[in-house]
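**Q** My questions all concern the structure below.
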Amino acid sequence: MTTIGINTASRPVRVLHVTDPHLFATTEGELRGTNTHASLLKVLQHIYDSDWIADLITVTGDLIQDDSAGAYEQFRDTFSTLGLPIACIPGNHDVVPLMQTVLSAPPFSYCGSHEIGDWIISGIDSSIAGSAAGKVANAEMVRLREQIDTSDAKHALVCLHHPPAAMNSEWLDKVGLTNAMEFLAVLNAMPKVRATLSGHVHQEYEEQHNNVRVIATPSTCRQFTKYSEKFAVDDNPPAYRRVTLNPDGSLATELVWV
Ligand SMILES: [Fe+2]
1 MTTIGINTAS RPVRVLHVTD PHLFATTEGE LRGTNTHASL LKVLQHIYDS
51 DWIADLITVT GDLIQDDSAG AYEQFRDTFS TLGLPIACIP GNHDVVPLMQ
101 TVLSAPPFSY CGSHEIGDWI ISGIDSSIAG SAAGKVANAE MVRLREQIDT
151 SDAKHALVCL HHPPAAMNSE WLDKVGLTNA MEFLAVLNAM PKVRATLSGH
201 VHQEYEEQHN NVRVIATPST CRQFTKYSEK FAVDDNPPAY RRVTLNPDGS
251 LATELVWV
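The opening residue of the sequence shown carries number 1 in the working numbering; numbering runs sequentially from there.
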């Protein structure tokens, strides 16, 4: 868990948000009829071909689907060609010890924090072993607060797998962040925190919760049907998000469907 500083004071910081690739050890692995490796490659090719130059890619969990070290090696080999720092955090489908083993050396970081320009981008673990739901443990809240408070950065973006907000989808909200209200209150009491970035919900979400903008991005594979009472996937394509963090603390995002 490292802090990495890049001295680029007072200019917009550009972050690419890629989430929930659900990879397998084999490139043939499918999730609900979609080859997750091929789907991720399409997203990364789109990023590679675009002229939107990023400072960092953040990947907010569910990196793998089959509990194997080989799937993390697929992830590492697929992302390492991009030439950017890749900030990773775990989701409910991740196996933390395997993930830490494969993804702790640059260009990857595991639950690290990155200081770029006027911003600190911090990743935290909201996963609970053996559960699809999540929780930000007290120790993780303390670690986050310390990272942000001791940083010279003026503004903070917090990355965690489970968004701290309800999606108004009955089945999905049952496996959401169990202490979302408490965590949001903690974030709202931290004056530097501007926004959170999450995956998990495989759908688009962006709402202001007092001082904190809560943002979720669809997966690089299949998406869940919005507001559904029961589990359902829709036909929306893979996606990723561009996030511009401005020196004045404002941010702009653009969802890109691939
Ligand atoms: Fe997922």
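Where is the CB? At the ideal position from N, CA and C, for every residue including glycine.
1) Do the CB positions of Ser122 and Cys159 come within less than 8 Å of each other?
2) Alpha carbon to alpha carbon, how far is Ala139 from Glu146?
3) Using the beta-carbon of each residue, find all residues closer than 5 Å to any heavy atom of ligand 1 and list them in chain order.
4) In its own chain, which residues sit with a C-beta less than 6 Å from the C-beta of Arg241, not counting the 5 before and 5 after it?
5) Going by beta-carbon coordinates alone, are Thr178 and Ser39 separated by less than 8 Å?
6) Can you tell me the Cα-Cα spacing of Ala185 and Val243, whole angstroms?
7) Return helix, strand or coil for Glu206, following the three-state DSSP convention.
8) Using a threshold of 7 Å, is the CB atom of Ser122 nearer than that to any non-hydrogen atom of ligand 3?
9) Helix, strand or coil for Phe231? Go by DSSP, reduced to three states.
10) Going by DSSP, which residues form a beta bridge with Ala69?
**A** Looking at the coordinates:
1) yes
2) 11 Å
3) Near ligand 1, meaning a beta-carbon closer than 5 Å to one of its heavy atoms, we find Asp20, Asp62.
4) His17, Thr217, Thr253, Leu255
5) Their beta carbons are not under 8 Å apart, which means Thr178 does not touch Ser39 by this criterion.
6) 23 Å
7) strand
8) Annotation note on ligand 3: not contained in the displayed structure, which lists ligand 1 as its ligands.
9) In the structure shown, Phe231 sits in coil (DSSP, three-state: anything other than H, G, I, E or B).
10) Assignment of beta-bridge partners to Ala69 by DSSP yields no partner.
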